[in-house]
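J.: Structure in structure tokens, see below.
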Amino acid sequence: MQQRSVGATGLRVSRLGLGTMTWGSDVDEHEARGQLVGFVDAGGTLVDTAATYGEGASEELLGSMLGTVVSREDVVLATKAGLSRRDGVRRVDASRRALLTQLDASLERLGTDHVDLWQVHAWDPATPVQEVMAALETAVTTGRAAYVGVSNYAGWQTAQAATWQAALPGRVPLASTQVEYSLLNRDVEDEVLPAARALGLGVLPWSPLGRGVLTGKYRTGTPAASRAASARFSGFVDPYLDPVSARVVEAVAKAADGLEWTALEVALTWVRDRPGVTAPIVGARTASQLRATLATEELVLPAEISDALDDVSSG
645 MQQRSVGATG LRVSRLGLGT MTWGSDVDEH EARGQLVGFV DAGGTLVDTA ATYGEGASEE
705 LLGSMLGTVV SREDVVLATK AGLSRRDGVR RVDASRRALL TQLDASLERL GTDHVDLWQV
765 HAWDPATPVQ EVMAALETAV TTGRAAYVGV SNYAGWQTAQ AATWQAALPG RVPLASTQVE
825 YSLLNRDVED EVLPAARALG LGVLPWSPLG RGVLTGKYRT GTPAASRAAS ARFSGFVDPY
885 LDPVSARVVE AVAKAADGLE WTALEVALTW VRDRPGVTAP IVGARTASQL RATLATEELV
945 LPAEISDALD DVSSG
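Each residue of the sequence shown is one higher than the last, beginning at 645 in this note's numbering.
Okay, structure coming up:
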């Protein structure tokens, strides 16, 4: 698998990342093991998790396989802090205390003394940006993180955080921003991508397949085993089961038929090779699903198809 630099840093990662949001909940140990082995065997390096995924279950499961199933040195390990759930309620807390406490808990669950990329999971309006950035600085200077980034920041938030870090020589620069980006959600093109490009941040898109909708699985209904059919994830998928999204999905399906590809291959290749993108984060329920994703490595979307998809998905 091809490797790409993360923004203006020396960190290099595979141009697809493995997402582990449902590990330890929907994805059991057997399937997680198969995914991790298959991903690393294919040349993948970037593995992304978060303290809040499964309330720590994802990190625990991943940590149990690092150094045994795959070598820790073969993985660029990324995690996130700043989000939590209490009594079923999502809470954002990016205070220095909360971030560093979560980082230490993440390191324990992952069974390692450092992560390669540590990210603030969401913007916290209650915490000054300088305090958030100071926590990232502490993580690097104490050896608990090699690189730091942000996630789900708007364009102005990204610019403010990155500019703060660049204001004084010697501060640790932000390496990346992780944001939702797909043919069904191109909002980041307005401000986030220009900010990232201007300030030297790599872009790690999450849900590059439009929360699964771009695979075409919902074209004729809702499969019983799909996320949209589950009580836990139906609200996550429903926003893209609308007529506007359906037109984009049909365009992707038409392109796939013409190229003799799958809809997944068309949609993922489109976002993977967008300007400024470092590595889309892809998740899977099974190892076989992940293998279908990894098959995109050799594919290049023809320019005329990419342009047509740009047109149908813009606006």
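All C-beta atoms in this analysis are idealised placements derived from N, C-alpha and C, irrespective of residue type, glycine included.
Between which two residues does the beta strand (DSSP E) carrying A789 extend?
T.: Note, A789: beta strand (DSSP E), 789-795.
J.: Which residue marks the beginning of the beta strand (DSSP E) containing S728, and which one marks its end?
T.: Note, S728: beta strand (DSSP E), 727-730.
J.: Residues in the same chain with beta-carbon distance under 7 Å from L818, minus the five sequence neighbours each way, listed in chain order, please.
T.: Taken in chain order, the residues that qualify are V792, G793, V794, A805, A806, Q809, L845.
J.: Among the residues of its own chain, which have a CB less than 6 Å from the CB of Q801, if the five just before and after it don't count?
T.: Result list for Q801: W767, in chain order.
J.: Helix, strand or coil for P849, going by three-state DSSP, please let me know.
T.: Strand at P849.
J.: How long is the line joining the alpha carbons of T723 and Q679, rounded to whole angstroms?
T.: If I take the Cα positions, the gap works out to 18 Å.
J.: Give the C-beta separation of M645 and L660 to the nearest angstrom, bearing in mind that I take them to be a contact with Cβ-Cβ under 8 Å.
T.: So it is a contact: roughly 7 Å between Cβ atoms.
J.: Hey, is the region 899-919 in contact with the region 850-861, meaning 3+ C-beta pairs nearer than 8 Å?
T.: Yes: the two stretches touch, three or more of their Cβ pairs being nearer than 8 Å.
J.: Applying the 10 Å Cβ sphere with the 16-neighbour rule, what's the burial state of R803?
T.: Strictly speaking, residue 803 in this sequence is Ala, with Arg absent from that position. When all chains shown are included, A803 counts as buried.
J.: Please list the segments of the alpha helix (DSSP H) lying wholly inside the region 751-787, counting only runs of 4 or more residues, in order along the chain.
T.: Fully enclosed alpha helix (DSSP H) runs of 4 or longer: 773-785.
J.: Which class does G856 belong to by DSSP, given the choice of helix, strand or coil?
T.: The answer is coil: DSSP assigns G856 none of H, G, I, E or B.
J.: Can you name the start and end residues of the alpha helix (DSSP H) that S739 belongs to?
T.: Segment: none, S739 is in no alpha helix (DSSP H) and carries neither H nor E.
J.: Considering Cα atoms alone, identify which of Y884, A911, G707 is closest to V944.
T.: With distances taken between Cα atoms, V944 lies closest to A911.
J.: Of all the options E675, E942, L828, A779, which has the alpha carbon lying nearest to the alpha carbon of R741?
T.: The candidate whose alpha carbon is nearest that of R741 is A779.
J.: By the 10 Å Cβ neighbour count, where 16 or more other Cβ atoms means buried, how is E703 classified, buried or exposed?
T.: E703 should be labelled buried.
J.: In angstroms with no decimal places, state the Cα-to-Cα distance between T940 and A900.
T.: Roughly 13 Å separates the two Cα atoms.
J.: For the alpha helix (DSSP H) that contains Q801, what are its first and last residues?
T.: Start and end: 799-810.
J.: May I have the straight-line CA-CA distance separating E752 from E781, to the nearest angstrom?
T.: Their backbone Cα atoms lie some 20 Å apart in a straight line.
J.: Let me check understanding here. Comparing Cα to Cα, which of T785, V713, E942, R830 lies closest to P919?
T.: With distances taken between Cα atoms, P919 lies closest to R830.
J.: Could you give the residue range of the alpha helix (DSSP H) that holds A952?
T.: Residues 947-957.
J.: Does F880 get closer than 7 Å to chain E when you measure Cβ to Cβ?
T.: Of the chains in the structure shown, none is chain E; there is only one protein chain.
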